[in-house]
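Working notes for the structure below.
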Amino acid sequence: MSNSGKKSNFFQFFITFLLLFFVFQFVMERFFPEQFSKDGEVVAEVTLKAQDATVKGGHHPILILANKTEQAIVLEDRCPMPPVNVLHSVDGEFVALETEETSVPCVPLTEIAAGKTEKIDLAAWKYSLFGELGNYRVELLTADSSQQALTADLSIHEAGPITRIFRTFVSKPLLNLLIFIASILPGHNLGLAIILLTLIVKVILFFPTQHAMQGQKKLQKVQPQLAEIRKKHKANPEKMNKEIMALWKREKVNPMQSCLPTLIQFPILIGLFYVIRDGSILSLSEHLIYSPFKDLDWVWGSNFLGMNLLEPNKIFFPPFLVLAQFFQMKMAFAIAKKKKDPKKKAEATDQQEMQQKMMQYGLPLMIGVFAFQFPAAVSLYWAVSTLFAIGQQYVVNKRN
C-alpha cells in the first residue's frame, strides 16, 4: 500500500475515533453529569441546581449540590422528609409541602465535604411530594442558620404522546410480565425472572431478528461487487445506481431486509432495558404497574449467584460483557472477511473496514463501561441477550 494510502487510512481512523469519543462523552455527560461534566472555572461557592429543570411525569427530580468551598457543609437529618424543603406553586404562590411517606427508605445526607459534589435523589418522594404536575421550588438550609438558603426551581410536566404510547404498549406489559414471572418463582428471584423475560422476548423477536441477520449477510456478500461498481462508475452516478439495482435483483438482496425488522424490535429491546433498569425497585414504578400487582406481599429476591442485582457488579460483568460483545461482533463480520478474494484485498473498501473495526472494538468497551455504572440486573439482561444473539448469529453464519 502506498504512503498516501496509509496516511488516508490513519486519517479515517483518527476521525472515526474522535467521533466515537465525542458520542461517548456526550452519553456519559448526559446520564452521569456529576461524574463526567465539566463546569469550567471553579468558583468558591455552594450551588444547588436541578439536574433537569423540566421533569417528565412518572420520573423524579434529582438535585446537584456542589460545595466548591474549602469547608465541609453540615446538613440536618430531616428523615423521613427530604434534605430540602419542597414548595409547590398553587395559584402563583409557592406552598410548602410535608409528608412522612416515602417510596423507598430515606437515607440522610448530613455532610458535603469540601470541594465535593453530591447528587440528591428525590425518588423516595416522587409520589408523596412530586405526584402532581406543575412548578416546584426546593430550598436547602444548612445546619448553620446564618447562611442563606439555596433554592432551585423545576417543573413536572405531563409525558408526551410518544412516551405515553411507549409506556402503554411496551413498558407496562414488559414490567408486569416480569412481576408475574417473579411471582411464580421460588423466592421471587429477580435474576431468574430477568433471564426468563429476556428469553421470552428474544424468542418472540427470533424470526424478525433472523430475517435481519440474513439480510445483513447478503449485503456483506455483495460488498466486493458493490465496491467494484462504485469504483467503475464513480463518474456516472446514474449508471452506478442502475448497476447496483441490477446486482441487488440478481442476488436477491433487499437493503431494507436488515433495517425494517431491526426498527420493529428496537423499541421493545429499549423498553426491556429500561424496565429492568428502573423496575428493580417496584415502589418507584407504581405508575406502570397493573392493578392486580399494586399491593404485593413480597419483594424481589435480589441475590443471584452471590451477586446483589440492585447494585453494580464491577468484578464479573464488565470483562464478561466486553468479551461476549466482542465475540458477537466478530461473528457478525465473519462472512464478509471470508468472502474476500486475496487478490482483491487491496481494492476492499477501507472506510467499511474501518467502521467494522470501530464497531468491533469500540462497542464492547462502551458496554463494559456501562456495566460499571448500572445495577447488575441490567448487566445480567445484557449478558443473556448477547449470549442468545451469539447462538442466533452462529446459525446464520453456518447457513452461509
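Reading the sequence shown from the start, the letters are residues 0 to 399 in numbering that gives the first Met the number 0.
Glycine included, each C-beta is placed from N, C-alpha and C at the ideal position.
Look up residue i in the DSSP assignment and say whether it is helix, strand or coil.
| i | result |
| --- | --- |
| V202 | helix |
| I63 | strand |
| V383 | helix |
| N253 | coil |
| M244 | helix |
| T162 | helix |
| H232 | coil |
| A112 | coil |
| A95 | strand |
| V103 | coil |
| T150 | strand |
| N312 | coil |
| Q372 | helix |
| M294 | Met is not the amino acid found at residue 294; the sequence shown has Asp there. If DSSP states are grouped into helix, strand and coil, D294 belongs with coil. |
With distances taken between CB atoms, is the gap from residue i to residue j smaller than 9 Å?
| i | j | result |
| --- | --- | --- |
| I366 | V321 | yes |
| I155 | P236 | no |
| A382 | F326 | no |
| V137 | A123 | no |
| F272 | V377 | yes |
| L287 | R163 | no |
| A52 | L153 | yes |
| F292 | I180 | no |
| K201 | A388 | yes |
| L139 | L47 | yes |
Taking all protein chains shown into account, decide if residue i is buried (16 or more other Cβ within 10 angstroms of its Cβ) or exposed.
| i | result |
| --- | --- |
| N312 | buried |
| G133 | exposed |
| S182 | exposed |
| W297 | exposed |
| V54 | buried |
| D90 | exposed |
| G390 | exposed |
| S290 | exposed |
| M306 | buried |
| F205 | exposed |
| V94 | exposed |
| G57 | buried |
| I203 | exposed |
| A112 | exposed |
| Y135 | buried |
| L244 | According to the sequence provided, residue 244 is Met. The question's Leu does not apply to it. Flag for M244 reads exposed. |
| Q392 | buried |
| I193 | buried |
| F168 | exposed |
Could you name the residues that DSSP lists as bridge partners for residue i?
| i | result |
| --- | --- |
| H156 | K55 |
| F303 | M306 |
| A331 | Note: A331 sits in no beta bridge, so no partner. |
| Y393 | According to DSSP, Y393 bridges with nothing at all. |
| D90 | Bridge partners of D90: none, in fact. |
| E117 | L64 |
| L47 | L64 |
| G410 | Absent from the structure is residue 410, since the part of the chain shown begins at 0 and ends at 399. |
| V85 | L96, V137 |
| N188 | G300 |
Just to confirm my understanding: we take residue i, look at its own chain, exclude 5 residues before and 5 after, and list those with CB closer than 7 Å. What are they?
| i | result |
| --- | --- |
| Q324 | L362, P363, I366, T385 |
| I72 | V45, N66, E110, I111, T141 |
| E157 | G56, L132 |
Grab me the residues of residue i's own chain with a C-beta within less than 6 Å of its C-beta, minus the 5 sequence neighbours each way, in chain order.
| i | result |
| --- | --- |
| C78 | C105, P107 |
| E40 | In this predicted model, E40 has a pLDDT of only 46, less than 50, meaning its place in the structure is not dependable; the value taken from the coordinates is given anyway. So the list is empty, once near-sequence residues are dropped. |
| D120 | I61 |
| L96 | V85, H87, L128 |
| T197 | Y380, V383, S384 |
| Q70 | A113 |
Should residue i be listed as close to the ligand GTP, given that the test is whether its C-beta is under 8 Å from any heavy atom?
| i | result |
| --- | --- |
| K118 | Looking for the ligand GTP in the displayed structure turns up nothing, as the structure carries no ligands at all. |
Output needed for residue i: all residues of its chain with C-beta closer than 8 Å, excluding positions within five of it in sequence on either side, in chain order.
| i | result |
| --- | --- |
| D407 | Within the shown structure, residues of the chain are numbered from 0 to 399, placing residue 407 beyond reach of any answer. |
| Y360 | F325 |
| L246 | V221, Q224, L225, I228, V252 |
| K233 | M239 |
| L176 | L196, I199 |
| G186 | G300 |
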